[in-house]
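**Student:**
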Amino acid sequence: MSELERRALLKGAGLGALAFSVGGTELLLTPRAARAQNVPFKTLTPAQAEALDALGETLLPGARAAGISHYIDQQISIPADEALLEARILNIRPPYANFYRAALGAIDKASRAHNGDRGVAQLSESERHAFVDQMRQNKVEGWQGPPGPFVYLILRSDAVDVVYGTMDGYSGLGIPYMAHIEPTKRW
Amino acid sequence: MATHEKVDVVIVGAGASGSLYAAELTKAGKKVVLLETGPDWQLTDLISSDIWGRRIKPAGIPFLLEGKNPYGFAYQAGWGVGGAALHYFANFPRYLPNDFKVKSEHGKGLDWPISYADLAPFYDKVAQEVGVSGDAKAEEVWRPKGQPYPMPPMKTFRNGDVWLKGLESVGIRMVPAAVGMNSTDFKGRPACLYDGWCHVGCPIGALANPLVTYLATARKGGAEVRAHSTVTRVLTNAAGDKVTGVEYYDANKEKQVQEASVVVMSAWAAQNPRLLLNSATDKHPKGLANSSGLLGHYMMAHYAAGTWAIFDEDVESHMGTVGAQYMSYDRYDKLSKKDKGAFGSTYIVAGTALKTTDLAGFANARMDLFGPQLADFMKSAKRGITRLTAFGEELPNIENRIEIADGKDEFGMPLARIVHSFGPEAVALWNANFEEGLAAAKAAGAKEFWSARGNMPTIHLFGGTIMGTDAGTSIADSYGQTHEIANLWIAGPGLFPTEGASNPTYTIFAVSQRGVEQLVAKWGSVAG
């Protein structure tokens, strides 16, 4: 699909869902639906996606099912100009994939160093909660990568986006969404 | 490289000030081209979503952000037609008389070369043009009389009303906020629906963003808007005494030249100095209009001391406008918190629609919470949470600056560095404003309340091309005409020598209106 066609597809869709590649065809899906359909990752490795799912769920229950890893994978696989990530407004230099790789690399290294060579996805929920709490406060010893509190801010924001930033999220909280122009598919 | 037919005026940047210049110049019969680095947004692009709303801000910026308080660029900036005014909150407080003579009155900072009285007629004119709702009479406890606003105040909600008692008890009077929004239908644009999506762009035209005000007028008048057109240099003649146009790269990244009799720089306070520094020639070795060496200096930002509070009632947090419902200048005296070691004005607002996510969403009201605790907080706070905000002023500091840096952008233009640190008096004012916010929340009867403390935020952007009386101490005169090159003009908040504490866009419009009227009046001598 050409750049022009892809932009037209996005525009025609009312810019609600995201364009995921499934079997060579681009489909407009919410990240939740992309996860449910096991859409293959374009940029994230399986281990990175697993770590993101685990961290997302620790940061905010429901983030895993809401498709946090598919959301981030899709967003770091498209041109930066089209990206919707909070990273965009926090001055992270594109390509955004570089930031996520660096952040996940730092998390993995620190987790393994402090937890018997176990990655963050292999930790128990309470261990992961403690790890995130240390990262939030910049207290992880030997941390190497983007500052821990900043990584916390970005990943927490991504989790909040997929859980509470959508029309479904507002509905779940019981807050009227009141769109002037609705994102389609309640995304 | 293509060279386009010469036009009367080329305007660099289609945001607040550029759009106003284009509207007025087309009314005067001038042939105008606006060059804008981002897309040509339409109202139908303005999806009501914090997530989708990020598209109208830049992705990747050509600035390195340094200093003790690095500037929060992308959240504040615009990308595409309308600029930052496509997602602004449309708070329209004026600057007050004490903002214009800070150095004369206090022996610090800088003076504007004009006074409030010089600008007042242009505030009134802008209000009638774009539509302002508010109660001008009520503001007269703090400022000289002016014309009434064309619309009555906006509707208020409990998320604003609940603060009034507490603020009054600490000696802060609130009046209806002046906002660039429609409380009634205005000039064919509908009244606001109070759905609280102002900050991601108002697609119904109730909020006075440039797409429905100045840019619409400019297009009707024949102005040509070229989106995805990134200016890299302002061009000069061999003698160096005239600008001849600009060099830019189009959507296909091909170099173009647009020749013009006059160049107006309205690419915001950061990009204007970067471009002028990058336009150096043998006649202007330090950059255009920079014999003083002050180009890029005196960068300033506002900061906010926010107070979160949860009330034991439904305050309809999600309702209203993102701009304020109530405002106060009761702490606008530069010395109002002198006893705390502070200097500068404070502008206070109450009442705002809160959404869930993004930087200003209430999920960030407790950044320390995550996991089930965050989920519990969201459920418990949604009904009664609201925020009070006190904006503060910093003094101009020559060390806060923009300068060319190593590295280049995708067009081969050098990156720039923004170095920014708040001074001790600003930090003291920020801290003092937190204390007062907590006192107001307590007096208002809030069930829970706390300060929105984190890194000291940087809000709005000023300076870098300051106005003044001469080329030795400033870049441009009070109209925006550069001291050194008669047909090179600057517009926008970069001209401000001090920043006050009020939201700046109304003043940007007023200064621009005054400037463009001067440009039209002097056209023969400027463009000849």
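Taken in order, these protein sequences are the chains called A and B. Residues are numbered in the numbering used here as their position in the first sequence, beginning at 1, plus a constant of 233. Residues are numbered in the numbering used here as their position in the second sequence, beginning at 1, plus a constant of 209. C-beta atoms are modelled at their ideal positions from N, C-alpha and C, and glycine is treated no differently. Just so you know, these numbers come straight off a predicted model, no measurement behind them.
(1) With 8 Å as the limit, tell me which residues of the segment 424–456 of chain B have their beta carbon closer than that to any beta carbon of chain A; keep them in chain order.
(2) Note down, in chain order, each residue of its chain lying with its Cβ closer than 7 Å to the Cβ of A284(A), except the 5 sequence neighbours on either side.
(3) Quick check: the Cα distance between A518(B) and G256(A), rounded to an integer number of angstroms?
(4) Could you check where the beta strand (DSSP E) with P633(B) kicks off and where it finishes?
(5) Please check the pair A392(A) and L293(A), which I expect to be a contact at CB under 8 Å, by giving their CB distance rounded to whole angstroms.
(6) Hey, A386(B) and Y507(B): beta-carbon distance below 9 Å or not?
(7) Identify which residue in W659(B), F671(B), A736(B), S660(B) has its Cα closest to the Cα of A695(B).
(8) Let me confirm a value: D308(B) is counted as buried when at least 16 other C-beta atoms fall within 10 Å, else exposed. Which label applies?
(9) Run through chain A and tell me which residues come within less than 9 Å of L568(B), C-beta to C-beta.
(10) Given that H347(A) touches chain B, what residues does it touch there, using C-beta distances under 7 Å?
(11) So with CB distances below 7 Å, who are the chain A contacts of L255(B)?
(12) Going by CA-CA distance only, name the one from D523(B), A478(B), S257(B) that's closest to G227(B).
(13) Could one say the Cβ of D577(B) lies closer than 9 Å to chain A's Cβ atoms, at least one of them?
(14) Pull out every residue of the segment 240–264 of chain B whose Cβ sits closer than 8 Å to any Cβ of chain A, in chain order.
(15) Please confirm whether A584(B) has its beta-carbon closer than 9 Å to some beta-carbon of chain A.
(16) Please list, in chain order, the chain B residues whose beta carbon lies closer than 7 Å to that of H362(A).
(17) Which residues does DSSP list as the beta-bridge partners of G529(B)?
(18) Which partner residues of N300(B) appear in the DSSP bridge assignment?
(19) Taking 9 Å as the CB-CB limit, is D314(A) close to chain B?
(20) If distances are taken between C-alpha atoms only, which option among G677(B), D370(B), G430(B) comes closest to D523(B)?
(21) Which residues, in order along the segment 279–292 of chain A, keep a beta-carbon less than 7 Å from a beta-carbon of chain B?
(22) In chain order, what residues of the same chain have a beta carbon less than 7 Å from the beta carbon of K776(B), not counting five sequence neighbours either side?
(23) For R352(B), count neighbouring C-beta atoms within 10 Å of its own C-beta (all shown protein chains included) and say buried if the count is 16 or more, exposed if not.
(24) Is M622(B) near R483(B), with beta carbons less than 9 Å apart?
(25) Extract the residue ranges of the beta strand (DSSP E) inside the segment 664–714 of chain B, only unbroken runs of 3 or more that lie entirely within it.
(26) In the DSSP assignment, find the unbroken beta strand (DSSP E) run with F657(B) in it and report its ends.
(27) Taking a contact to mean a Cβ-Cβ separation below 9 Å, would you say R540(B) touches N642(B) in this structure?
(28) Here's the rule: buried if 16 or more other CB atoms are within 10 angstroms of the residue's CB, otherwise exposed. What is T439(B)?
(29) I'd like the span of the beta strand (DSSP E) that includes A469(B), first residue to last.
(30) Roughly how many angstroms separate the alpha carbons of K731(B) and S324(B), rounded to a whole number?
(31) Taking 9 Å as the CB-CB cut-off, is W406(B) touching chain A?
(32) Just checking my contact of G454(B) with A469(B) at CB under 8 Å: how many whole Å lie between their CB atoms?
(33) Hey, how far is the Cα of L163(B) from the Cα of P327(A)?
(34) So with CB distances below 8 Å, who are the chain A contacts of G515(B)?
(35) So that I know if they touch, is there some Cβ in chain A lying closer than 9 Å to that of A469(B)?
(36) Along chain A, in chain order, which residues have C-beta atoms closer than 9 Å to that of H527(B)?
**Tutor:** Reading it off the structure:
(1) none
(2) L337, I340, D341, G352, V353, A354
(3) 50 Å
(4) Where P633(B) is concerned, there is no enclosing beta strand (DSSP E), although the alpha helix (DSSP H) it sits in stretches over 633–653.
(5) 4 Å
(6) no
(7) A736(B)
(8) buried
(9) E319, I322, L323, S390
(10) Under the 7 Å cutoff, chain B gives no residues; its nearest Cβ is about 19 Å from H347(A).
(11) I414
(12) A478(B)
(13) yes
(14) T253, D254, L255, I256, S257, S258, D259, I260, W261, R263, R264
(15) yes
(16) G580
(17) D404(B)
(18) V388(B)
(19) yes
(20) D370(B)
(21) T291, L292
(22) For residue 776(B) there is no data in the structure shown, the boundaries of chain B being 210 and 737.
(23) buried
(24) yes
(25) 668–671, 697–699
(26) As written in the sequence, residue 657(B) is Glu, which differs from the Phe given in the question. Run containing E657(B): 657–660, per the beta strand (DSSP E) assignment.
(27) yes
(28) buried
(29) 464–474
(30) 22 Å
(31) yes
(32) 5 Å
(33) Here chain B has residues from 210 to 737 only, and residue 163(B) is not among them.
(34) Within 8 Å Cβ-Cβ: nothing; G515(B) doesn't reach chain A, min ~17 Å.
(35) no
(36) Y403, I408, P409, Y410, M411
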